[in-house]
Amino acid sequence: MEDYDTYIFDFDGVVVDSEPFHWKSYETDVSFRKYCEINHALSGPYFRDTLNSDKKDEIYITCIKDVPLKDGFEAFYKRLAKLGKHVYIVTNTSKEIFDLFTEKFQFLKNVPVITGCNKPNPSGYESVPKIGKVIAFEDSYRGYYRSEEHTSE
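FYI, in our numbering the residues of the sequence shown are 7 to 159.
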């Protein structure tokens with residue numbers, strides 16, 4: 007795993023285990039499973055686009071104190087940093103919300119982040135300076151998917 011030079015991580019679901027907290031923030035009767043099916047499908051709207059979500063971010067912000075890091079991420083990041091690897095985070099999360107996470111997890115202040123990326127448009131991933139051998143970590147088909155419409159290579 008240390009054979010790469012540039013490491014790119016999606017944030018929600020890869021760095022932090024936030025999906026259940028996003029779901030709870032919608033205050034909906036839709037099951038968690040159905041929420042994930044909608045939010046991670048290759049096509050169609052995100053879950054937030056299917057209902058009135060005005061209060062969602064406000065509720066989610068109150069949950070951030072409870073959102074954990076994914077097991078092992080901090081140790082993995084610190085090992086990569088010690089080895090001089092290039093590490094980036096690419097996320098749909100707004101800068102304002104990401105900044106709340108950096109207050110909770112101070113080491114994230116050392117990671118360059120590209121926020122507000124509108125997946126499946128890969129522009130966030132494409133804007134990362136790629137040095138040497140590159141690997142990216144993404145937990146959603148929507149984040150991974152590269153349609154012809156959004157492919158620049």
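Even for Gly, the Cβ is constructed at its ideal location relative to N, Cα and C.
Which value, in whole angstroms, describes the spacing of the CA atoms of residue 137 and residue 96? 16 Å
If you draw a straight line from the alpha carbon of residue 28 to that of residue 47, how long is it in whole angstroms? 16 Å
Using the beta-carbon count (16 or more within 10 Å), is residue 128 buried or exposed? Flag for residue 128 reads buried.
If I follow the unbroken beta strand (DSSP E) through residue 10, where does it start and stop? Note, residue 10: premise wrong, no beta strand (DSSP E); not H, not E.
C-alpha gap between residue 154 and residue 124, whole angstroms: Any reading at residue 154 needs caution, since the residue's pLDDT is 45, under 50, leaving its predicted position unreliable; the model's value is listed next. Their backbone Cα atoms lie some 16 Å apart in a straight line.
Name the residue from 110, 104 and 91 whose alpha carbon lies nearest to the alpha carbon of residue 135. 91
Okay, do the region 101–120 and the region 25–45 touch, 3+ Cβ pairs below 8 Å being the bar? no
Would you mind reading off the limits of the alpha helix (DSSP H) that contains residue 143? Careful: residue 143 lies outside any alpha helix (DSSP H), inside the beta strand (DSSP E) at 140–143.
Given a threshold of 16 other Cβ atoms within 10 Å of its Cβ, counted over all protein chains shown, does residue 158 qualify as buried or as exposed? The pLDDT assigned to residue 158 is 42, lower than 50, so where the model puts this residue is not dependable, and the model offers no usable value.
To the nearest angstrom, report how far apart residue 100 and residue 78 are at their CA atoms. Between residue 100 and residue 78, the alpha-carbon positions lie close to 24 Å from each other.
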